[in-house]
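Take 4 as the starting number for the sequence shown in the numbering used here and just add one per residue.
Below: one structure, written as structure tokens.
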Amino acid sequence: MDKHMRLRENKHAVDRVQPIVDAHVKQVQEFGRIVKLPIALSEKVCAHSVENLNQILADTMALRDLYKKHHWQVSGPNFYQLHLLFDKHYEEQAELIDKIAERIQTLGGVCIAMAQDVVELTLVPRPPKGREDFKVQIERLLQAHEIVLRGARSMAQHSEDEKDEGSTDLLVSEVIPHNELQVWFLSQHLFGSKS
Ligand SMILES: [Fe+2]
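As structure tokens, this is what we get:
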């Protein structure tokens, strides 16, 4: 095959992989809409839980990314220990995110997924792009954990009242204890460090 023929073939290959998506492509389910599954919960209950879980998902995704930022940017006398700890917590938060998102889909909802969605929804404050002292990093993480925990406790109360045991169980058995444990591990690094 000569060079020109190869170039022509490549051009056709490129044409074939051109994306067809644009703003007008029809969605199979719009965000905020419930497509009921036969799980013996009313659409109203599912919609409530989906809305609440999307808030917890957004805050957890922000917390996960805060862990990776600090994993990369940490410095100081505990560098190696914190570098590893931040990544361990990142992985654990990523597992929680998957469970929360799949719970939303199980309820017939649509989970948020992209960074832009997180930015719109999360209550976790945006940190600066630059690096911060490890104590400030830990304080930011503790603040984000408390936002997640406050939301999770409040939602667990609602889902219990509405008899959505699956969501209550996810919050009470997974989200709350994992976040509490991570708060303990983090906060011990600040013990005795304040004047
Ligand atoms: Fe890494």
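Backbone N, C-alpha and C fix where the C-beta goes; we use that ideal spot for every residue, glycine too.
An exposed status is given to Val28, since fewer than 16 other beta-carbon atoms sit within 10 Å of its beta-carbon.
Counting the other Cβ atoms within 10 Å of the Cβ of Arg129 gives fewer than 16, which makes it exposed.
Of the other Cβ atoms in all chains shown, 16 or more fall within 10 Å of the Cβ of Arg143; this residue is therefore buried. Assignment of Cys49 by DSSP, reduced to helix, strand and coil, places it in the helix class. Between ligand 1 and the CB of His74, the shortest heavy atom gap is smaller than 8 Å. Judged by pairs of C-beta atoms under 8 Å, the region 101 to 121 does not touch the region 131 to 138, as fewer than three such pairs exist.
Using a Cβ distance threshold of 9 Å, Phe137 and Val186 do not count as a contacting pair.
Gly111 sits in coil when the DSSP states are folded into three classes, being neither helix nor strand. The Cβ-Cβ distance between Leu126 and Gln191 does not fall below 9 Å. Taking a contact as a CB-CB distance under 8 Å, the pair Ile37 and Gly154 does not count as one, their CB atoms being some 21 Å apart.
Of the residues Leu40, Glu54 and Asp68, the one whose Cα lies closest to the Cα of Val122 is Asp68. Here the C-alpha atom of Val139 lies approximately 19 Å from the C-alpha atom of Leu184.
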